[in-house]
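Report on one structure; see the data block that follows.
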Amino acid sequence: MSQPAAIHLSGVSKRYGRTLAVDDVSLSVAHGEVFGFLGPNGAGKSTIVKMVLGLTYPTAGEIEVLGQPVGSLAARAEVGYLPETFRFHDWLTASELLHFHARLARVSADVRSRRVRELLELVGLKDRANDRISTFSKGMMQRVGLAQALVGEPRLVILDEPTSALDPIGRRDVRDRIRELGECGVTVFLNSHLLSEVEQVCDRVAIIDHGSIVAEGKLDELLNAQEIELRAGEGAEAAARETLGEGGVRHINGRLRVRVANDDETARLIRRMIEAGVPVYDVRQVGDSLEDLFVRVAERGDV
Ligand SMILES: Nc1ncnc2c1ncn2[C@@H]1O[C@H](COP(=O)(O)OP(=O)(O)OP(=O)(O)O)[C@@H](O)[C@H]1O
Ligand SMILES: [Mg+2]
Numbered sequence: 000m001s002q003p004a005a006i007h008l009s010g011v012s013k014r015y016g017r018t019l020a021v022d023d024v025s026l027s028v029a030h031g032e033v034f035g036f037l038g039p040n041g042a043g044k045s046t047i048v049k050m051v052l053g054l055t056y057p058t059a060g061e062i063e064v065l066g067q068p069v070g071s072l073a074a075r076a077e078v079g080y081l082p083e084t085f086r087f088h089d090w091l092t093a094s095e096l097l098h099f100h101a102r103l104a105r106v107s108a109d110v111r112s113r114r115v116r117e118l119l120e121l122v123g124l125k126d127r128a129n130d131r132i133s134t135f136s137k138g139m140m141q142r143v144g145l146a147q148a149l150v151g152e153p154r155l156v157i158l159d160e161p162t163s164a165l166d167p168i169g170r171r172d173v174r175d176r177i178r179e180l181g182e183c184g185v186t187v188f189l190n191s192h193l194l195s196e197v198e199q200v201c202d203r204v205a206i207i208d209h210g211s212i213v214a215e216g217k218l219d220e221l222l223n224a225q226e227i228e229l230r231a232g233e234g235a236e237a238a239a240r241e242t243l244g245e246g247g248v249r250h251i252n253g254r255l256r257v258r259v260a261n262d263d264e265t266a267r268l269i270r271r272m273i274e275a276g277v278p279v280y281d282v283r284q285v286g287d288s289l290e291d292l293f294v295r296v297a298e299r300g301d302v
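Numbered according to numbering that gives the first Met the number 0, the sequence shown spans residues 0 to 302.
Shown next, in the form of structure tokens:
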């Protein structure tokens, strides 16, 4: 690898008393990658985020952020963070709050005003710049939160559920912003329960369950588990069960959905149906959705 990973965890564990929240996790997120981090409630996601930010320490293992030891000032200066739940100084106006965070992020005085103005426009709050945060709706707070995460022009942005309070337009805007960040070479670590969102913006994902990574990879590789959907006449289901066994055959919206190991198995199934006199009207290959993968992994603990 030519440059160090943006985030690198090696054998990281975190124990809270008797709870092993994170269990020997190794994970690398490359520079410029938009990385989705998923897992059921209590899986260990926030614990990992907090360790990557240097807010809590691992019981075992090593973490590097942007090539620096975690928690070092150099690493923190280049990281933007939108926490899942946040409380801002709500007596400040949106503009004042961003100016405050720009100073904390050491943005020089001559560019601060322009940066704040641009960010307020970017998150759709230009007209509310001089209103107090206390008058904002939940979604507006989340928009300010995103602007706050970006104010220091970070090289790594960690977003914990960034669109949970947003309306559909706001969600689409944030998705576009995330894509743009990725295109500009900024690394994005996205923690989200909105699987369709992750599917739309992430290059790679990891699924964590009970503190361990149970699936990791490029989305298209993880989701290409082969399934085919058939519209066929009577006897199709029996033929499928005969050919493929009981598991992996189900009905979805009046169509037969079957899991096949490879193209040869698809050919074998269709041949069997035709031999049995079952009319086959339509066959198409369907990828798994991320939701299918997530549920399968979380329920069975395997892929
Ligand atoms: N400060 C703490 N003290 C004790 N246990 C904790 C603490 N923080 C987290 N845990 C435990 O560690 C485990 C992982 O929690 P974590 O908050 O990382 O989950 P999560 O994946 O972020 O879940 P969610 O999707 O609900 O936000 C849970 O069993 C939780 O109870
Ligand atoms: Mg959490």
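Idealized CB from N, CA, C, for every residue including glycine. Predicted model, so just to flag it, every value in this text is computed and none were measured.
Taking any heavy atom of ligand 1 as the mark, which residues have a C-beta closer than 6 Å to it, listed down the chain? Tyr15, Thr18, Ala20, Gly38, Asn40, Gly41, Ala42, Gly43, Lys44, Ser45 and Thr46
Three or more C-beta pairs under 8 Å: does that hold for the region 137-151 against the region 96-109? yes
Let's test the definition: count the other Cβ atoms within 10 Å of the Cβ of Asp166 and tell me whether it reaches 16, buried, or not, exposed. exposed
If we count the other Cβ atoms within 10 Å of its Cβ and call it buried at 16 or more, is Asp89 buried or exposed? exposed
Using only CA atoms, which one of Gln141, Gly181, Gly38 and Arg75 lies nearest to Ala29? Gly181
According to the neighbour-count rule (16 or more other Cβ atoms, all chains shown, within 10 Å of its Cβ), is Gly66 buried or exposed? exposed
Of all the options Ser112, Glu226 and Gln199, which has the alpha carbon lying nearest to the alpha carbon of Ala260? Glu226
Could you give the DSSP three-state label for Asp159: helix, strand or coil? strand
Comparing C-alpha positions only, which one of Ile157, Arg270, Leu194 and Arg174 sits nearest to Leu292? Leu194
Would you mind working out which of Leu255, Arg267, His192 and Val294 sits nearest Arg283, comparing C-alpha positions? Leu255
With hydrogens ignored, establish whether the beta-carbon of Glu83 is closer than 7 Å to any heavy atom of ligand 2. yes
So who's on the other strand from Val279, going by DSSP bridges? Ala231
In whole angstroms, give me the CA-to-CA distance for Arg240 and Ser288. 23 Å
DSSP state of His100 mapped onto helix, strand, coil: helix
How many angstroms separate the CA atom of Arg295 from the CA atom of Ile168? 30 Å
I need the DSSP call for Val302, collapsed to helix, strand or coil. Only weak support exists for where Val302 lies, its pLDDT of 46 falling under 50; the coordinates are left without a value.
Glu196 versus Arg174, Arg203 and Ala214, residue with shortest Cα-Cα distance: Arg174
Give the single residue among Glu117, Ala108, Arg86 and Val115 whose Cα lies nearest to the Cα of Phe135. Arg86
Whole angstroms are fine: how far does the CA of Arg142 sit from the CA of Gly123? 8 Å
Once you ignore the five residues that flank Asp23 on each side, which residues in its own chain have a CB closer than 6 Å to its CB? Gly10 and Ser12
Does the region 52-70 come into contact with the region 103-116, if we say contact requires no fewer than three beta-carbon pairs (one atom in each stretch) closer than 8 Å? no
Ordered list of alpha helix (DSSP H) runs contained in the region 128-211, each at least 4 residues: 137-149, 167-182 and 194-200
Note the first and the last residue of the continuous beta strand (DSSP E) segment covering Leu8. Ile6 to Tyr15
For Asp89, does the three-state DSSP call read helix, strand or coil? coil
Validate contact between the region 112-122 and the region 73-85 using beta carbons, cut 8 Å, 3 pairs: no
Measuring only the C-alpha atoms, how far is Met0 from Ser27? Here Met0 scores only 48 on pLDDT, less than 50, and its place in the model should not be relied on; the value that follows carries that caveat. Straight-line Cα distance between these residues: approximately 11 Å.
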